[in-house]
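Everything on this sheet refers to the single structure shown next.
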Amino acid sequence: MPELPEVEVTRLGIKPHLEGRQITHVNVIDGRLRWPVPRGLPKILKGQRLDTIERRGKYLLLKMTDGYLIIHLGMTGVLRVLPQKDPLKPHDRVSIHFDSLSLRLHDPRKFGAVLWHPSTKGEVLEHPLIQKLGPEPLAEDFAGKLGATRLYQFSRKRTISVKAFLLAGQAVVGVGNIYCSESLFEAGIHPGLPAGKLTKAQCERLAEAVRTILKRAIAAGGSSLRDFVDAHGEPGYFMMQTKVYDRANEPCRVCKTPIRQITQGQRSTYYCPCCQKR
């Protein structure tokens, strides 16, 4: 599933090609996504200018003349900029045309979303899908001690594991399964530690680790497990850099102890029992 780094890589890839351009027409090939594509979307978007491409968590927010187009990649979605003349492929769902270029959503499993939020309905950050998201890990209000304070205060009296606490996305948004394992290793924290037992020092290390790992992942083009490619069709290479994720029984890159794999909440967790003691 594309996580925050993959969505940010996509945003950075399409931004220079489309910002400032006008939509000439929209082709909804198959609107049966996680939520149905609005029936009148082609008429709504035609003639509007794409001002900026923003991101909130795993949602891409395309600011148009009269509102925002909200796009979510779901589990297998890929958003690419292609020449308009390129033929459609199986599983292409929506194609937004800007003269000679097209922004095309390819989504085999149809768990993605393309939604419209008109300006008349208020700020896009108040949209029901977005308003309850936690703080952005790469924003200034999560940097330094601000992020550590947020993690510490929000984790008090929480009995769930620190990994489940991060994945919930309320204390901080966008730390998916891969990046959660890597962040906990970077911070030297056992994934099974109850969140409520995190110390202030551990929260400081964890907040910094989350930012560090996500920045590394974005710089590497994200992670490609099965389907993800960026806006230019290139896979991400972060999986070549992981220190614990998907490295069960391989030696820790720091202490050489074999990496262990456990299941938490039906998801695989990887950690070093030496570097990440309880």
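Numbering (my numbering), first residue to last: -5 to 272.
Glycine included, C-beta positions come from ideal geometry on N, C-alpha and C.
Open item on the list: Tell me which residues share the same chain as Leu123 and place their Cβ nearer than 6 angstroms to its Cβ, disregarding the 5 neighbours each side in the sequence.
Closed with: none
TODO: Thinking Arg178 and Asn171 are a contact (beta carbons under 8 angstroms), I'd like their distance in whole angstroms, please.
DONE: In the sequence as presented, Arg is not what sits at residue 178; that position holds Leu. No, Leu178 and Asn171 are not in contact; Cβ-Cβ is about 11 angstroms, not under 8 angstroms.
TODO: Below 8 angstroms on the Cβ atoms is my guess for His111 versus Gly182; work out the distance and round it to an integer in Å.
DONE: Actually they are not in contact, since the Cβ atoms of His111 and Gly182 sit about 41 angstroms apart, beyond 8 angstroms.
- [ ] State the CB to CB distance for the pair Ile64 and Leu12, rounded to an integer number of angstroms; the pair is presumed to be in contact (CB under 8 angstroms).
- [x] Wrong, their Cβ atoms sit about 16 angstroms apart, outside the cutoff.
Open item on the list: Tell me the DSSP secondary structure of Ser155 in three-state form.
Closed with: strand
Open item on the list: Along the chain, where does the beta strand (DSSP E) containing Ser96 start, and where does it finish?
Closed with: Leu95 to His100
TODO: Name, in chain order, the residues that DSSP records as bridge partners for Tyr53.
DONE: Arg50 and His66
TODO: Taking 8 angstroms as the cut-off, decide whether the C-beta atoms of Pro131 and Arg205 are in contact.
DONE: yes
Task: Beta-carbon contacts of Gln270 that lie in its chain and below 8 angstroms, excluding the five residues immediately before and after - done: Leu178, Phe179, Gly182, Ile183, His184 and Pro185
Task: Euclidean distance between Cα positions of Glu134 and Ala203 - done: 15 angstroms
Task: Ranges of the alpha helix (DSSP H) found wholly within the stretch 118 to 158, counting only runs of at least 4 - done: 139 to 149
Task: Span of the beta strand (DSSP E), counted from its first residue to its last, around Arg74 - done: Val72 to Pro77
Task: alpha helix (DSSP H) segment containing Ala195, residue limits - done: Lys194 to Ala213
TODO: Return the residue from the list Gln260, Arg247 and Arg261 that minimises the CA-CA distance to Pro267.
DONE: Arg247
- [ ] Would you check if the stretch 66 to 79 and the stretch 9 to 29 touch, i.e. whether three or more CB-CB distances between them fall below 8 angstroms?
- [x] yes
- [ ] Enumerate in chain order the residues of its own chain whose CB-to-CB distance from Ser89 is below 6 angstroms, with the five nearest sequence positions on each side excluded.
- [x] Asn21, Ser96 and Arg98
TODO: Taking 8 angstroms as the cut-off, decide whether the C-beta atoms of Gly68 and Asp101 are in contact.
DONE: yes
Task: Same chain, Cβ closer than 8 angstroms to Tyr265, neighbours up to 5 away in sequence not counted - done: Ser175, Leu178, Phe179, His184, Pro185, Val238, Ile253, Arg254 and Ile256
Open item on the list: What does the alpha-carbon distance come out to for the pair Arg272 and Ala242?
Closed with: 19 angstroms
TODO: Note down the Cα distance separating Pro32 from Val108, rounded to an integer number of angstroms.
DONE: 8 angstroms
Task: Spatial neighbours of Arg274 in its chain, beta-carbon cut-off 8 angstroms, leaving aside the 5 residues before and after - done: Here the chain covers residues -5 to 272 and nothing more, so residue 274 does not appear.
TODO: Report buried or exposed for Ser94, applying the criterion of at least 16 other Cβ atoms within 10 angstroms of its Cβ.
DONE: exposed
Open item on the list: Considering just the uninterrupted stretch of the beta strand (DSSP E) at Asn21, what are its terminal residues?
Closed with: His19 to Val22
- [ ] With DSSP collapsed to three states, give me the class of Val223.
- [x] Residue placement at Val223 is poorly supported in this model, since its pLDDT is 48, which falls under 50; the coordinates still yield a value, given next. Residue state, collapsed to three classes: coil.
Open item on the list: Could you compute how far the alpha carbon of Met58 sits from the alpha carbon of Glu2?
Closed with: 19 angstroms
Task: Collapsed DSSP secondary structure at Pro36 in the structure displayed - done: helix
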